[in-house]
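The number in my numbering is simply the position in the sequence shown, starting from 1, with 10 added. We put the beta carbon where it would ideally sit given N, CA and C, even for glycine. The structure displayed is predicted, hence computed values, not measured ones. Worksheet: one structure, shown below.
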Amino acid sequence: MPRHTVHIAAPAADVYARITDPRRRPEWLPELIGTSDVPDQPLREGDRFVGYAELLGHRLVGHSEVRAADAASGRLEERVVIGARFTTTWDVTPTTTDGSACRVTHDIDVEFPQGPLGNVVRWLLTRYLDRLQRRGLQRLAGRSGRQE
């Protein structure tokens with residue numbers, strides 16, 4: 011599934027804090043309209059929240075559960091259910107000795123239905139998610155990041 015990386019001219023801790031604040035995600039995730047039931051602190055393992063998205067012209071409600079969250083390593087893994095089941099992983103890694111820049115890698119793993127319909131859904135959704143993921147990373151980087 012889609013995996014992309016962007017280089018951001020900001021400290022890894024600041025970027026990780028932004029990723030682990032679901033209230034701020036609609037600022038940079040193009041499909042996300044809003045969130046609710048969000049914890050008061052940065053996301054931690056076991057936290058759950060609701061996201062409201064617009065995908066392929068449809069408004070959807072997604073339920074997220076944090077599977078792993080480690081600020082020290084810059085890793086966040088969530089299980090998202092929006093009809094389909096997704097596992098999304100963020101890795102934020104410092105890239106400079108002074109800590110002024112970082113690299114963010116985002117992976118999305120989707121459980122597709124089996125059979126011919128699953129193949130069609132995989133083909134359509136993979137391309138769509140790829141475009142959304144690239145736009146979201148560029149927004150997260152403030153459009154100043156270099157994407158791989």
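- Simplified DSSP state of leucine 139, which is helix, strand or coil: In the sequence shown, the residue the question calls residue 139 occupies position 129. Three-state DSSP puts leucine 139 in a helix.
- Going straight from the alpha carbon of leucine 65 to that of leucine 42, what length do you get? Taking the sequence shown and counting its residues from 1, one reaches residue 65 at position 55. Taking the sequence shown and counting its residues from 1, one reaches residue 42 at position 32. A straight line joining the alpha-carbon of leucine 65 with that of leucine 42 spans about 9 Å.
- Message: Given a cut-off of 7 Å on the beta-carbon distance, is the pair threonine 98 and cysteine 112 in contact?
- Response: Here residue 98 is taken as the residue at index 88 of the sequence shown, counted from 1. Here residue 112 is taken as the residue at index 102 of the sequence shown, counted from 1. Cβ atoms of threonine 98 and cysteine 112: not closer than 7 Å.
- Message: My parser needs the alpha helix (DSSP H) runs of 4 or more residues fully inside the stretch 14–46; what are they?
- Response: Segments of the alpha helix (DSSP H) lying fully in the stretch 14–46: 22–29 and 35–38.
- Contact under 7 Å by Cβ, glycine 72 with valine 48: Looking up residue 72 in the sequence shown gives position 62. Looking up residue 48 in the sequence shown gives position 38. Between glycine 72 and valine 48, the gap from beta carbon to beta carbon reaches 7 Å or more.
- Under a three-way DSSP split, which group does proline 126 fall into? Here residue 126 refers to the residue found at position 116 of the sequence shown. DSSP places proline 126 in helix when its eight states are reduced to three.
- Going by C-alpha distance, which of Gly109, Arg54 and His68 is nearest glutamate 87? Here residue 87 refers to the residue found at position 77 of the sequence shown. Here the closest residue by C-alpha is Arg54.
- Message: Tell me the DSSP secondary structure of valine 131 in three-state form.
- Response: Taking the first residue of the sequence shown as 1, we reach residue 131 at position 121. If DSSP states are grouped into helix, strand and coil, valine 131 belongs with the helices.
- N- and C-terminal bounds of the beta strand (DSSP E) containing leucine 53: Looking up residue 53 in the sequence shown gives position 43. Per DSSP, leucine 53 belongs to no beta strand (DSSP E) and is neither H nor E.
- Item | Span separating the alpha-carbon of tyrosine 62 from that of arginine 35 | Taking the sequence shown and counting its residues from 1, the one referred to as residue 62 is at position 52. Taking the sequence shown and counting its residues from 1, the one referred to as residue 35 is at position 25. So the alpha carbons of these two residues sit roughly 11 Å apart.
- Query: Between the stretch 111–131 and the stretch 14–23, do three or more beta carbon pairs fall short of 8 Å?
  - Reply: yes
- Query: Is it buried or exposed for threonine 45, if we count other Cβ within 10 angstroms and need 16 for buried?
  - Reply: Position 35 of the sequence shown, counting from 1, holds the residue named residue 45. Under this definition threonine 45 is a buried residue.
- Item | From Gln143, Ala27 and Ala151, residue whose alpha carbon lies closest to that of serine 83 | In the sequence shown, residue 83 corresponds to position 73, counting from 1. Nearest C-alpha to serine 83: Ala27.
- Start and end residues, beta strand (DSSP E) containing aspartate 119: On the sequence shown, residue 119 is found 109 positions in, with the first residue counted as 1. Start and end: 112–121.
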